[in-house]
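What follows is one structure encoded as structure tokens, with my remarks underneath.
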Amino acid sequence: MKIQTETEGDWLTVFSLSGELDAYTAPQFQESLAETFDRDLVWILVDLGQVEYIDSVALGILLGGAKRANERDGDLAVVCQRANVLKVFDISGTRELLNVCEDRGQAQRLLEQRRAMAMARNKRGGQ
Amino acid sequence: MKIQTETEGDWLTVFSLSGELDAYTAPQFQESLAETFDRDLVWILVDLGQVEYIDSVALGILLGGAKRANERDGDLAVVCQRANVLKVFDISGTRELLNVCEDRGQAQRLLEQRRAMAMARNKRGGQ
Amino acid sequence: MAEAGVLELKVPCDPRYISVVRLVVAGMGAQAGLTVDDIDDMKVAVSEACTNTIDHAFAAEESGSVSEPILIRFSPRPAELRVEVEDVGQGFEPDRVQLDLSQPPSVEGGLGLYLIHQLADSVQVQSAPGSGTKVIMTKRAAR
Amino acid sequence: MAEAGVLELKVPCDPRYISVVRLVVAGMGAQAGLTVDDIDDMKVAVSEACTNTIDHAFAAEESGSVSEPILIRFSPRPAELRVEVEDVGQGFEPDRVQLDLSQPPSVEGGLGLYLIHQLADSVQVQSAPGSGTKVIMTKRAAR
Ligand SMILES: Nc1ncnc2c1ncn2[C@@H]1O[C@H](COP(=O)(O)OP(=O)(O)O)[C@@H](O)[C@H]1O
Ligand SMILES: Nc1ncnc2c1ncn2[C@@H]1O[C@H](COP(=O)(O)OP(=O)(O)O)[C@@H](O)[C@H]1O
Chain X
0 MKIQTETEGD
10 WLTVFSLSGE
20 LDAYTAPQFQ
30 ESLAETFDRD
40 LVWILVDLGQ
50 VEYIDSVALG
60 ILLGGAKRAN
70 ERDGDLAVVC
80 QRANVLKVFD
90 ISGTRELLNV
100 CEDRGQAQRL
110 LEQRRAMAMA
120 RNKRGGQ
Chain U
0 MKIQTETEGD
10 WLTVFSLSGE
20 LDAYTAPQFQ
30 ESLAETFDRD
40 LVWILVDLGQ
50 VEYIDSVALG
60 ILLGGAKRAN
70 ERDGDLAVVC
80 QRANVLKVFD
90 ISGTRELLNV
100 CEDRGQAQRL
110 LEQRRAMAMA
120 RNKRGGQ
Chain Y
0 MAEAGVLELK
10 VPCDPRYISV
20 VRLVVAGMGA
30 QAGLTVDDID
40 DMKVAVSEAC
50 TNTIDHAFAA
60 EESGSVSEPI
70 LIRFSPRPAE
80 LRVEVEDVGQ
90 GFEPDRVQLD
100 LSQPPSVEGG
110 LGLYLIHQLA
120 DSVQVQSAPG
130 SGTKVIMTKR
140 AAR
Chain A
0 MAEAGVLELK
10 VPCDPRYISV
20 VRLVVAGMGA
30 QAGLTVDDID
40 DMKVAVSEAC
50 TNTIDHAFAA
60 EESGSVSEPI
70 LIRFSPRPAE
80 LRVEVEDVGQ
90 GFEPDRVQLD
100 LSQPPSVEGG
110 LGLYLIHQLA
120 DSVQVQSAPG
130 SGTKVIMTKR
140 AAR
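Residue numbers (numbering that gives the first Met the number 0), protein chains in the order written: chain X, 0 to 126; chain U, 0 to 126; chain Y, 0 to 142; chain A, 0 to 142.
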């Protein structure tokens, strides 16, 4: 498994993963994710476009990431096209929870909208 | 493994193999080869362009085919580009014996020349 | 001794080897005539069973101690792949691990057995505290 | 029981499974850090040893009888893959199988052990009539 990390527009962290995400490799991604939260970045896009395999270990890490992001008023979205990977999201009923999108643009727009809503909420709360 | 057989110009039998040639799959090719000899076809081109793996079992079948063709005044040539397959010919010292060529055109020209020579020999012998 | 026609794999209880187990699932699945999609399903199911052994079977032992290997048996039959994943670990009571298969577990964790049941055509979990665990998964080629 | 850090494969004495053994060679070779070329070499070497067991180890038994499996042990060490292929067949006298490694065997047959010696970095053949055969092949990552 390979992990590439970028930051877009100072607020969005994009992870591009490739290879297989299992009990051996996924913990490495979990660490990268933890570092992101440590730096107070709570908007996260995980691109699984090049990932050929995931199982419950990866799912657990993604769910944990989404939960942590939500708790801190952020969110996480997943990009994925491969049928076998999508199937794992589908049968575990996590497609909605993890904001699984077909391409990166869609995922980024979704997170932008959520962020705009969160900022509006905070503004109202602050008044 | 997959085997495709064609006849070119009524004299040349071309086998196009793909996949892996080992103790399980190679015997199937051996049968096709035997049928060719049964039909008195002794000029044989074996295209290994799509073959990813060979070992001593395939080598033995090819050497047996070349021997049988030579005994009957014919010949056998092999087409192969993949480094790992070429390596098996190289370390077994069978590259010459099996007329290993880089492409099909080269192999076909080689067999055409050998056939012209064999026909000339037979003519002289017959006079 | 291996049963006739059965391929056995003994794998150290270490996550680094699960990807190798998946390679064998792919090879044996192809031999049994499974489709690529069915093989993908079995890769996840078998990996989950192995991950469970690594995570739960020897949980009580201090880390660093050498645990017993995972034993994986592949029985390719015509148009069917049967895989057993067995350990001699602490075992558990399958009945007490509530498996409501009508809906996925909502919390993190508890997904492994759920996915196994969803992805294999038939599943048997044989386990009891103190006597190890055996998970038997079967995928049929023609459905 | 598997040694710590050792992966064991028990394969029926049937050529259909040799391709699965090669998949494991690929997976374990990658873990040991071998290059693709070195993995290709080991695929041939290990396949040859398996083919020998299938062809020679149980030659005396009538066909159709169930023979003992091939036992294959993979020990990945840092930058090295060691593979043992073992059978409990009739064995042979390695010294009487003349291995002139300076030139390839000129006749058909007798190529298997020659290729093994050419492709692995080091080879040990342990065999004796009546007591089975073990071929130990090692490939180092950095050369
Ligand atoms: N091989 C095993 N050995 C011991 N306990 C196991 C084994 N497999 C599963 N279990 C038990 O079943 C529970 C549910 O497993 P699973 O559905 O895979 O979820 P998770 O692994 O996330 O807990 C585990 O928490 C564990 O208590
Ligand atoms: N596992 C084995 N069990 C018994 N005999 C073996 C085994 N491996 C090799 N041999 C003996 O060594 C000989 C040489 O083997 P090899 O070099 O592979 O060539 P080939 O298989 O073509 O005969 C075999 O003919 C056989 O007599």
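Don't be surprised by glycine CBs; every beta carbon is placed ideally from N, CA and C.
Check, Outcome
"Beta-carbon within less than 8 Å of alanine 119 of chain A's beta-carbon, same chain only, minus the 5 sequence neighbours each way: which residues are those?", "Asp40, Met41, Ala44, Met136, Thr137, Lys138"
"Could you tell me the distance, in whole angstroms, from the CA atom of proline 77 of chain Y to the CA atom of glutamate 7 of chain U?", "39 Å"
"Just to confirm, does tyrosine 113 of chain A get its C-beta within under 7 Å of one of the non-hydrogen atoms of ligand 2?", "yes"
"Measuring only the C-alpha atoms, how far is glutamine 30 of chain Y from proline 11 of chain Y?", "25 Å"
"Starting from aspartate 36 of chain Y, trace the alpha helix (DSSP H) in both directions and tell me its first and last residue.", "35 to 51"
"Looking at chain A, is there any beta carbon in it that lies within less than 8 Å of the beta carbon of serine 46 of chain Y?", "no"
"What's the gap between the Cα of isoleucine 53 of chain X and the Cα of valine 13 of chain X?", "18 Å"
"Using alpha carbons as the reference points, say which of A:Pro14, A:Gly26, A:Thr52, A:Met27 lies closest to valine 134 of chain A.", "A:Thr52"
"Taking glutamate 7 of chain A as the query, report the chain Y residues whose CB atoms sit under 9 Å from its CB, ordered along the chain.", "Glu7, Leu8, Lys9, Val10, Pro68"
"How long is the line joining the alpha carbons of methionine 0 of chain A and valine 20 of chain A, rounded to whole angstroms?", "Confidence at methionine 0 of chain A is low in this model, with a pLDDT of 40, below 50, so the placement of that residue should be treated as unreliable; the coordinate-derived value is given next. The straight-line gap from Cα to Cα measures roughly 20 Å."
"Residues of chain Y with a CB under 9 Å from the CB of glutamine 30 of chain A: which are they?", "Arg15, Tyr16, Ser18, Val19"
"Indicate, with yes or no, if ligand 1 has a heavy atom lying under 7 Å from the CB of valine 55 of chain X.", "Note on identity: in this sequence residue 55 of chain X is serine, with valine being the wrong assignment. It does: the Cβ of serine 55 of chain X is within 7 Å (strictly closer) of some heavy atom of ligand 1."
"For glutamate 2 of chain Y, which residues of its own chain have a beta-carbon under 6 Å away from its beta-carbon, when the five flanking residues on both sides are left out?", "Here the model assigns glutamate 2 of chain Y a pLDDT of 49, short of 50, so the residue's position is not dependable, and the following value carries that caveat. For glutamate 2 of chain Y, where only same-chain residues beyond five positions count, there are no Cβ hits under 6 Å."
"Taking 7 Å as the cut-off, is the CB of glutamate 47 of chain Y close to at least one heavy atom of ligand 1?", "yes"
"Using three-state DSSP, classify glutamine 89 of chain A as helix, strand or coil.", "coil"
"Can you list the alpha helix (DSSP H) stretches of 4 or more residues lying completely in the region 32 to 103 of chain U, in chain order?", "55 to 70, 82 to 90"
"Hey, does glycine 26 of chain Y have any beta-carbon neighbour from chain A nearer than 8 Å?", "yes"
"Would a check of beta-carbon distances place isoleucine 2 of chain X closer than 8 Å to chain Y?", "no"
"Just the chain U side, please: which residues come within less than 7 Å of aspartate 39 of chain A by C-beta, in chain order?", "Asn83"
"Among Y:Gly32, Y:Ile69, Y:Phe57, Y:Lys9, which residue has its Cα nearest to the Cα of glutamate 89 of chain Y?", "Correcting the residue identity first, residue 89 of chain Y is glutamine in this sequence and not glutamate. Of the candidates Y:Gly32, Y:Ile69, Y:Phe57, Y:Lys9, the one whose C-alpha sits nearest the C-alpha of glutamine 89 of chain Y is Y:Phe57."
"Apart from the five residues on each side of it in sequence, which residues of its chain come closer than 7 Å, Cβ to Cβ, to valine 96 of chain Y?", "Leu112"
"How would you list, in chain order, the residues of chain X whose beta-carbon sits under 9 Å from the beta-carbon of valine 43 of chain Y?", "Tyr52, Ile53, Asp54, Ser55, Asn83, Lys86, Val87"
"Does the beta carbon of valine 96 of chain Y fall short of 7 Å from some heavy atom of ligand 4?", "For ligand 4, the structure offers nothing, since it holds only ligand 1 and ligand 2."
"Counting along the chain, where does the alpha helix (DSSP H) carrying methionine 27 of chain Y start and finish?", "17 to 30"
"Among X:Arg67, X:Gly63, X:Gln49, which one has its Cα closest to the Cα of aspartate 102 of chain X?", "X:Gln49"
"Return yes when the C-beta of histidine 55 of chain Y is under 7 Å from any heavy atom of ligand 1, and no when it is not.", "yes"
"Whole angstroms is fine: what's the gap from glutamate 151 of chain Y's alpha carbon to aspartate 54 of chain Y's?", "The question about residue 151 of chain Y has no answer, for chain Y in this structure spans 0 to 142."
"Valine 41 of chain U and alanine 68 of chain U: beta carbons closer than 8 Å?", "yes"
"Give the range of the beta strand (DSSP E) segment to which threonine 18 of chain U is assigned.", "In the sequence under discussion, the amino acid at residue 18 of chain U is glycine, which differs from the threonine named in the question. From DSSP, the beta strand (DSSP E) with glycine 18 of chain U extends over 11 to 20."
"Looking at glycine 90 of chain Y and ligand 1, is the gap between the Cβ and the nearest heavy atom below 7 Å?", "yes"
"Between leucine 97 of chain X and alanine 65 of chain X, is the Cβ-Cβ spacing less than 8 Å?", "yes"
"Going by alpha carbons, who is nearest to glutamine 117 of chain A out of U:Glu111, U:Ala119, U:Ser91?", "U:Ser91"
"Between alanine 1 of chain Y and chain X, is the shortest Cβ-Cβ distance under 8 Å, so that the two count as touching?", "Low local confidence applies: a pLDDT of 41 at alanine 1 of chain Y is under 50, so the model's placement there is unreliable, with the coordinate-based value given in what follows. For alanine 1 of chain Y, the answer is no, since every Cβ of chain X falls outside 8 Å of its Cβ."
"Residues of chain X with CB under 8 Å from glutamine 125 of chain Y, in chain order?", "Ordered by position in chain X, no residue passes the 8 Å Cβ test against glutamine 125 of chain Y, which lies about 21 Å from the chain."
"Please classify glutamate 67 of chain A: does DSSP put it in a helix, a strand, or coil?", "coil"
"Decide if valine 35 of chain Y is buried, meaning its Cβ has at least 16 other Cβ atoms within 10 Å, or exposed.", "exposed"
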